[in-house]
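Engineer: This is the structure, below, for whatever I ask next.
The structure is reproduced here in structure tokens:
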């Protein structure tokens, strides 16, 4: 699909269910051919500490849905770009070596600089 606007998502709260919802939206948009970028701001950075855990994982698995770690792997496989706030990493005492593979540290300014005029921006 030619020149589709990208979907840019900011996860601004350290809640696994918000990241899960953001990943679901991102994977759906990527499946439609839309470029997708997700940025975890502030304390939300801790959600991508390896190994990933989410209080809702058991409930989702029991319902036949993927857990958060699997959904992250699927997003990466679908070329959803994942970014973690550098300041947020410092806030939660996290080093880049603790990140899930394929996640990049970035700043909010650099993330926002890449959002085009026609692009979509969602905050969870």
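Residue numbers (UniProt numbering): 1 to 124.
For each residue, glycine too, the CB sits at the ideal point set by N, CA and C.
Quick check: the region 105–122 against the region 1–10, are there 3 or more CB pairs under 8 Å?
Structural biologist: Cβ pair count under 8 Å is three or more, so yes.
Engineer: So, is residue 37 buried or exposed, given that buried needs 16 or more other C-beta atoms within 10 angstroms?
Structural biologist: Translated into positions along the chain shown, residue 37 becomes position 37. With 16 or more Cβ atoms within 10 Å of its Cβ, residue 37 is classed as buried.
Engineer: Can you look up residue 54 in the DSSP assignment and give me helix, strand or coil?
Structural biologist: Here residue 54 refers to the residue found at position 54 of the chain shown. In the structure shown, residue 54 sits in coil (DSSP, three-state: anything other than H, G, I, E or B).
Engineer: By alpha-carbon positions, which one of 16, 17 and 44 ends up nearest to residue 83?
Structural biologist: Residue 83 sits at position 83 when you count from the first residue of the chain shown. Nearest option by C-alpha distance: 44.
Engineer: Tell me whether residue 93 is buried or exposed, calling it buried when 16 or more other Cβ atoms sit within 10 Å of its Cβ.
Structural biologist: Indexing the chain shown from 1 puts residue 93 at position 93. The residue is exposed, with fewer than 16 neighbouring Cβ atoms inside 10 Å.
Engineer: Whole-angstrom Cβ separation of residue 49 and residue 98, contact assumed at under 8 Å?
Structural biologist: Your numbering for residue 49 matches position 49 in the chain shown. Your numbering for residue 98 matches position 98 in the chain shown. Between residue 98 and residue 49 the Cβ distance is about 5 Å, and since that is below 8 Å, they are a contact.
Engineer: Does DSSP put residue 77 in a helix, in a strand, or in coil?
Structural biologist: For the purposes of this step, residue 77 is taken as the residue at position 77 of the chain shown. The answer is helix: DSSP assigns residue 77 an H, G or I state.
Engineer: Does the beta carbon of residue 116 come closer than 8 Å to any beta carbon on chain D?
Structural biologist: Within the model displayed, chain D is absent; a lone protein chain is all it includes.
Engineer: With DSSP collapsed to three states, give me the class of residue 15.
Structural biologist: Translated into positions along the chain shown, residue 15 becomes position 15. Note: residue 15 maps to coil in three-state DSSP.
Engineer: Short of 6 Å in beta carbon distance, which residues of its chain neighbour residue 35, apart from the five on each side in sequence? Order them along the chain.
Structural biologist: Reading the chain shown from its first residue, position 35 is the one you call residue 35. Taken in chain order, the residues that qualify are 6.
Engineer: Determine the burial state of residue 57: buried for a count of at least 16 other Cβ atoms within 10 Å of its Cβ, exposed for fewer.
Structural biologist: The count along the chain shown starts at 1 and reaches residue 57 at position 57. Counting Cβ neighbours within 10 Å, residue 57 comes out buried, since at least 16 surround it.
Engineer: Give me whichever residues DSSP pairs with residue 10 in a beta bridge.
Structural biologist: Position 10 of the chain shown, counted from the first residue, corresponds to residue 10. 39 and 123, per the DSSP bridge assignment.
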